[in-house]
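The sequence shown begins at 22 in the working numbering and counts up by one.
Don't be surprised by glycine CBs; every beta carbon is placed ideally from N, CA and C.
On a predicted model such as this, the values are computed, not experimentally measured, just so you know.
As structure tokens, the structure follows; a few thoughts come after it.
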Amino acid sequence: MNDAKEEIRARLPVEDVISQYIELKRAGRTLKGRSPWGVDKTPSFMVSPEKGIWHDFSANKGGDIFTFVMEVEGISFKEALEKLANQAGVDITRYAGGDARLAKRKTRAREALELATKYYQFCLSKSRKVAEYVFYKRNLNRSTVKEFRIGYAPKDGKACKKFLTSRGFSENELKDAGLLNRFDGDMFRGRMMVPFIDTTGNVIGFTARVLDKSEPKYLNTQDTLLFNKSRFIFGLAQAKEAIRKSGFVVIVEGNMDVISSHQAGVKEAVATSGTAMTEQHLKALSRLTNDIRLAYDGDEAGVNATERAIMMAGDLGINLTVISDYQGAKDPDELIQRGAELWQKAVENRKPAVEWLLDKYEEKVDLKTGFGKREYSDIALRLLGYVKDKVERAHYEEIVAHRLDVSREDLHGKADDLQRKILEKPKKRLKKAKTEVKSDKIVGLEDSLLAIMIYGGIEGPSELEAPEDEVKLDELEMVFDNLYKNYTKKELEREVGDLYGALRREIAKSEIESLQMKLENENLGPEEEKEILKRIYELQKSQK
């Protein structure tokens, strides 16, 4: 694919791609702008048209047009390649080599899904009964129906299949698209159809809702060549512009909540589409904003989902809050039916996620009893273990200590006791650990060190090796020119020492997080668990 990348780069100047998202102004040989991630107070986003690269000094990100689109859209390299290839008018299947057959299958699946979407839209326009359900019972307006490309699948079990095969699609191609069931009939029938649209604008699947009280209420496309439920975020294609402009995203539980929210003026709403939030979902959204607002129910499932979100947020620098002021409504959709302004107000009146969880935990126990206080302190300390920022954690420790009528020192003593008990008593672990990924902070520190070592001629840590990728080398040169060009040799040496110290601390924090995830998610033996806890203790001591 390198040849395809080079042709796309040649056709799409870096400044033309980036200026679609942010305003750029000339600053000598480079261009400057504000970070699309909203983390700078002054323009700190640099673009070099000459070298075809960019670097965001406030967010510690950089690269070429492909990495930019991946970061700003929250999509994979393949998706970015396809998006930019379409923009540049490059046929990437010519460069696919051994993957040409798979690329063709994907292309045909997309074409089938696009034509199915238009077919379902046509069927909706021809059915008065379904139109009444969509426009009157669901209270959706024509603009919303058009924006989300809502349609209707006829009850006839082979209607869509007959239509698509008459247009030249084979059964295998329809199976690749997820449009057929195991009996080779239509997967969807007698349902309101809402397409899954990826951030490049392609239909990759459907969510289908019944029009009556039959079950299952929703039927979603299963994983296919194009659709992966652990990565897909419903509504992101329609929400990404609003998210970039307002600087926040709202995660709701249901797809209809998303659609109703957009119609009500809160276009920042998305959903994880019939599956629990994954680390991939959170990572993709964190590329667009660090202000993530959860609109979950206050039941046990909502509490567990919020705790998982706090745990996964880790070092992503996310400001996680919870929207819960539904005024008696069971979900955002029901609240919106009462009045769009009520939902808009609820989105603004959110509460820090940790504080919301502490309140929910308090409702479950009796803090007037010793047993209740012990139970509350156990779960509160477990929760606060996920809070990485020391100042923020201290704030919540004060809240917990006040509720328990104890001191923060007492809480710390309890935390030490819990750690000792963990060493002695192994726990069952169920899920597999998540893949470790370098944080943006670590990447930024490594880039600064490498820039000084390569372009400043200063000796640095031996474990850091100069990259061979020319794009990365050009980016490091930009980092050096903008940050360190005027430093003396002594100042550069001092900076290397400071940066390396900060890097070691961040790596230790990252390792602690990874080990904690392993403890939480893997089924470990007593000895292995004991070794991990010892390693965590050593790393924590080294940071003090």
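### Task
Compute the Euclidean distance between the alpha carbons of R252 and K511, then round it to the nearest angstrom.
Here residue 252 corresponds to residue number 231 of the sequence shown, with the count starting at 1. Here residue 511 corresponds to residue number 490 of the sequence shown, with the count starting at 1. For R252 and K511, the distance between alpha carbons rounds to 47 Å.
### Query
What did DSSP end up calling F547 once you bin it into helix, strand or coil?
Locating residue 547 in the sequence shown gives position 526, where the first residue counts as 1. Residue identity differs from the one stated: residue 547 is Pro in this sequence, not Phe. P547 falls in the helix class under three-state DSSP.
### Task
Can you check DSSP and say which residues form a bridge with I218?
Your numbering for residue 218 matches position 197 in the sequence shown. DSSP output for I218 lists V224 as bridge partner(s).
### Chain-order list of residues whose beta-carbon lies under 7 Å from that of Q301 (same chain, five-residue window excluded)
Counting from 1 along the sequence shown, the entry for residue 301 is found at position 280. Excluding sequence neighbours, Q301 sits near S251, R252.
### Query
For G518, does the three-state DSSP call read helix, strand or coil?
The count along the sequence shown starts at 1 and reaches residue 518 at position 497. The answer is helix: DSSP assigns G518 an H, G or I state.
### Query
Does the beta-carbon of F392 have 16 or more other beta-carbons within 10 angstroms, so that it is buried, or is it exposed?
Translated into positions along the sequence shown, residue 392 becomes position 371. By the neighbour-count rule (16 or more Cβ atoms within 10 Å), F392 is not buried but exposed.
### Query
Apart from the five residues on each side of it in sequence, which residues of its chain come closer than 8 Å, Cβ to Cβ, to L201?
Here residue 201 corresponds to residue number 180 of the sequence shown, with the count starting at 1. Cβ neighbours of L201 beyond the five flanking positions: K182, E192, L195, D207, M208.
#### Entry: Rounded C-alpha distance that separates Y154 from A130
Here residue 154 refers to the residue found at position 133 when the sequence shown is read from its first residue. Here residue 130 refers to the residue found at position 109 when the sequence shown is read from its first residue. Each residue's alpha carbon lies about 30 Å from the other.
### Query
Looking at the unbroken alpha helix (DSSP H) that takes in G406, where does it start and where does it end?
For the purposes of this step, residue 406 is taken as residue 385 along the sequence shown, with counting starting at 1. Here G406 belongs to no alpha helix (DSSP H), and DSSP marks it neither H nor E.
### Query
By Cβ distance below 6 Å, which residues in the same chain neighbour S469 in space, the five residues on each side in sequence not counted?
Counting from 1 along the sequence shown, the entry for residue 469 is found at position 448. So the qualifying residues of the chain are L520.
### Query
How far does the alpha helix (DSSP H) with R170 in it reach, from first residue to last?
Stepping through the sequence shown from its first residue, residue 170 is reached at position 149. Here R170 belongs to no alpha helix (DSSP H), and DSSP marks it neither H nor E.
### Task
Indicate whether I331 and R371 have their beta-carbon atoms separated by less than 8 Å.
Taking the first residue of the sequence shown as position 1, residue 331 is located at position 310. Taking the first residue of the sequence shown as position 1, residue 371 is located at position 350. No, the Cβ-Cβ distance between I331 and R371 is not below 8 Å.
### Task
Would you give the residue range spanned by the alpha helix (DSSP H) that G323 belongs to?
Taking the first residue of the sequence shown as 1, we reach residue 323 at position 302. Start and end: 321-334.
### Message
Quick check on A258: buried or exposed, where buried means 16 or more other Cβ atoms within 10 Å of its Cβ?
### Response
Against the sequence shown, residue 258 aligns to sequence position 237. By the neighbour-count criterion, in which 16 or more other beta carbons inside 10 Å mark a residue as buried, A258 falls on the buried side.
### the region 85-103 / the region 472-489 touching (three or more Cβ pairs under 8 Å)
no
#### Entry: Alpha-carbon to alpha-carbon, L315 and V299
Sequence index remark: in the sequence shown, residue 299 carries index 278 (1-based). Sequence index remark: in the sequence shown, residue 315 carries index 294 (1-based). The residue you asked about is not Val; residue 299 is Thr in the sequence shown. Straight-line Cα distance between these residues: approximately 14 Å.
#### Entry: Enclosing beta strand (DSSP E) for I272 [first to last residue]
Working through the sequence shown from its first residue, we reach residue 272 at position 251. Here the beta strand (DSSP E) through I272 covers 270-273.
### Query
Looking only at C-alpha atoms, which of G54, D24, S56, K72 sits nearest to E491?
Counted from its first residue, the sequence shown places residue 491 at position 470. The shortest Cα separation from E491 among G54, D24, S56, K72 belongs to K72.
### Query
In whole angstroms, what separates the C-alpha of R359 from that of D410?
The residue you call residue 359 lines up with position 338 of the sequence shown. The residue you call residue 410 lines up with position 389 of the sequence shown. For R359 and D410, the distance between alpha carbons rounds to 39 Å.
### Task
For S531, count neighbouring C-beta atoms within 10 Å of its own C-beta (all shown protein chains included) and say buried if the count is 16 or more, exposed if not.
Taking the first residue of the sequence shown as 1, we reach residue 531 at position 510. Under this definition S531 is a buried residue.
### Query
Do you know whose CA, among S294, V368, V324, E289, lies nearest G275's CA?
Counting from one through the sequence shown, the residue named residue 275 turns up at place 254. For G275, the nearest C-alpha among the options comes from S294.
### Task
Indicate whether R210 and D177 have their beta-carbon atoms separated by less than 8 Å.
Against the sequence shown, residue 210 aligns to sequence position 189. Against the sequence shown, residue 177 aligns to sequence position 156. Going by C-beta atoms, R210 is nearer than 8 Å to D177.
### Query
Can you name the start and end residues of the beta strand (DSSP E) that D312 belongs to?
Taking the sequence shown and counting its residues from 1, the one referred to as residue 312 is at position 291. Counting along the chain, the beta strand (DSSP E) containing D312 begins and ends at 312-316.
### Task
Spatial neighbours of P567 within its chain, please: CB distance less than 7 Å, with the 5 preceding and 5 following residues excluded, ordered by chain position.
As shown, the chain starts at 22 and ends at 565. That puts residue 567 outside it, with no answer to give.
### Task
Report buried or exposed for Y407, applying the criterion of at least 16 other Cβ atoms within 10 angstroms of its Cβ.
Within the sequence shown, numbered from 1, the residue matching residue 407 stands at position 386. It is buried - the Cβ of Y407 has at least 16 other Cβ atoms within 10 Å.
### Query
Smallest Cα separation from D24: which of V111, P57, F78?
Within the sequence shown, numbered from 1, the residue matching residue 24 stands at position 3. Minimum Cα distance to D24 is reached at V111.
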